[in-house]
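Have a look at the structure below, then the notes.
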Amino acid sequence: MLGSPQDADDAVQESLLAAWRGIGSFEGRSALSTWLYQISTRVCLRFIAQRPRRLLSADHSPPLAGTADLGQVLGGPVWVEPLPDGEWLAEAMHEEPGHTTALRQSVALAFIAALQHLPGTQRAVLLLREVLEYSAAETARMLGTTAASVNSALQRAQKSVKDKMPESSQAVELGALESTGVDQLLRDLIDAWERRDVAGFVSLLTEDVRFTMPPLPAWFDGRESVARFISERMFATPWRLRRLRANGQPGLACYMQHPGTEVFQLGAVNVLAFKAGRIAGIHSFLDPAVHRRFDLSSEVT
4 MLGSPQDADD AVQESLLAAW RGIGSFEGRS ALSTWLYQIS TRVCLRFIAQ RPRRLLSADH
64 SPPLAGTADL GQVLGGPVWV EPLPDGEWLA EAMHEEPGHT TALRQSVALA FIAALQHLPG
124 TQRAVLLLRE VLEYSAAETA RMLGTTAASV NSALQRAQKS VKDKMPESSQ AVELGALEST
184 GVDQLLRDLI DAWERRDVAG FVSLLTEDVR FTMPPLPAWF DGRESVARFI SERMFATPWR
244 LRRLRANGQP GLACYMQHPG TEVFQLGAVN VLAFKAGRIA GIHSFLDPAV HRRFDLSSEV
304 T
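Heads up: the sequence shown at position 287 corresponds to 290 in our numbering, and the numbers run straight through without jumps.
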């Protein structure tokens, strides 16, 4: 709902405090989990009303044509942030297969970004109904509204999210590649990146690939533009890469070597998006606060 694990942590703390204070009023007419979801949903709705909407780069500004000026860092609660798989995957392992699929799709970076375009109530309805699988009546009780209003909000939310989402979900794209195909594509990408092979790198990208780098506002749209950026800027620096997973998608921890040193220091956490067997998105998160969430080594040799 909030587009940020850090904001979610704040919401969890407030929700638990509210539950502790209000436990005496819990009458047991619903499951305890439903009561807790009601509290946490209302906390999230208050956060949404008080805080700015988080964005992906394409929602903030147009793509760059040149590579000379990447702009100034925009700090604070501006950007949608990635979620390490370890923070939600354990829950998914204990769910029914159908619910696990919905949970995986609900943490995909594109889906989270699309949610941020919705009013708070529509976000809540979509997640409560489609991910947590509460009925319209249960959702209405949580939100203090009617089942008819819930159904109407759900229809509007579904349409808005569909308009913002890629035609094919990452779950579908990764399933089509299968694990061996994903593994080979990552091997080829890492090899080209570490050898700074522009042609090899670009050959793995879709024509409409996007390369973003929050908290910098700069982003590049299309294979030709991305090729220019990696040739003129990114591959000016030696790199070492390690695999990771975030938002149910493959990713990379990217370590860069600064002049005069032998070690490679963590510079980015990248979340990758796939389409038709190629890489369609490289979302490169440069914020050290994001990196710390992944419990990564700060440097490699």
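Where is the CB? At the ideal position from N, CA and C, for every residue including glycine.
| Check | Outcome |
| --- | --- |
| What distance in whole Å lies between the Cβ atoms of S7 and Q108, which are believed to be in contact at a cut-off of 8 Å? | With 8 Å as the limit, Q108 and S7 do not qualify as a contact, their Cβ atoms being about 19 Å apart. |
| What's the gap between the Cα of R190 and the Cα of A202? | 15 Å |
| Does the region 258–271 come within contact of the region 72–79, defined as at least 3 CB pairs closer than 8 Å? | no |
| Can you tell me the Cα-Cα spacing of E84 and R144, whole angstroms? | 31 Å |
| For D224 and S64, what's the separation of their Cα atoms in angstroms? | 12 Å |
| Put W91 into one of helix, strand or coil per three-state DSSP. | coil |
| Within 10 angstroms of its Cβ, does T215 collect 16 or more other Cβ (buried), or is it exposed? | buried |
| With DSSP run on the structure shown, which of helix, strand or coil describes Q108? | helix |
| Whose C-beta lies closer than 7 Å to the C-beta of R156 among residues of the same chain, with five residues either side of it excluded? | The identity of residue 156 in the sequence shown is Ala, whereas the question assumes Arg. Closer than 7 Å at the Cβ level, and outside the excluded window around A156, lie T124, Q125 and V128. |
| In angstroms, rounded to a whole number, what distance separates the CA positions of T142 and S163? | 20 Å |
| Helix, strand or coil for G78, going by three-state DSSP, please let me know. | coil |
| Whose C-alpha, out of V46, G147, L188 and P122, is nearest the C-alpha of A160? | P122 |
| Tell whether a beta-carbon distance below 7 Å holds between A292 and G284. | no |
| With D72 as the anchor, note down where its beta strand (DSSP E) starts and where it stops. | D72 -> no beta strand (DSSP E), and no H or E assigned at all. |
| Going residue by residue through the region 119–188, where are the continuous alpha helix (DSSP H) segments of at least 4 residues, counting only ones entirely within it? | 123–129, 139–146 and 150–167 |
| DSSP beta-bridge partners for C47? | None, per the DSSP bridge assignment. |
| Between V46 and the rest of its own chain, which residues show a CB-CB distance below 6 Å, the 5 nearest in sequence each way excluded? | A14, E17 and S18 |
| May I ask you to list the residues that DSSP assigns as paired with H286? | T215 and V274 |
| Beta strand (DSSP E) containing A249: first to last residue? | W242 to A249 |
| With L255 as the anchor, note down where its beta strand (DSSP E) starts and where it stops. | Q252 to Q260 |
| Here's a check: name, in chain order, each residue in its chain whose Cβ is nearer than 8 Å to the Cβ of F29, leaving out the five neighbours to either side. | L35 and W38 |
| Mind checking which residues open and close the alpha helix (DSSP H) that includes F29? | Here F29 belongs to no alpha helix (DSSP H), and DSSP marks it neither H nor E. |
| Using C-beta distances below 6 Å, list every residue in its chain close to V2, excluding the 5 sequence neighbours before and after it, in chain order. | Absent from the model: residue 2. The displayed extent of the chain is 4 to 304, so no value can be given. |
| Per DSSP, what kind of secondary structure is E265 in: helix, strand or coil? | coil |
| How many whole angstroms separate the CB atoms of Q252 and L112, which I take to be in contact at a CB cut-off of 8 Å? | 7 Å |
| What residue range is occupied by the uninterrupted beta strand (DSSP E) comprising F204? | Premise fails: F204 lies in the alpha helix (DSSP H), V201 to V205, not in any beta strand (DSSP E). |
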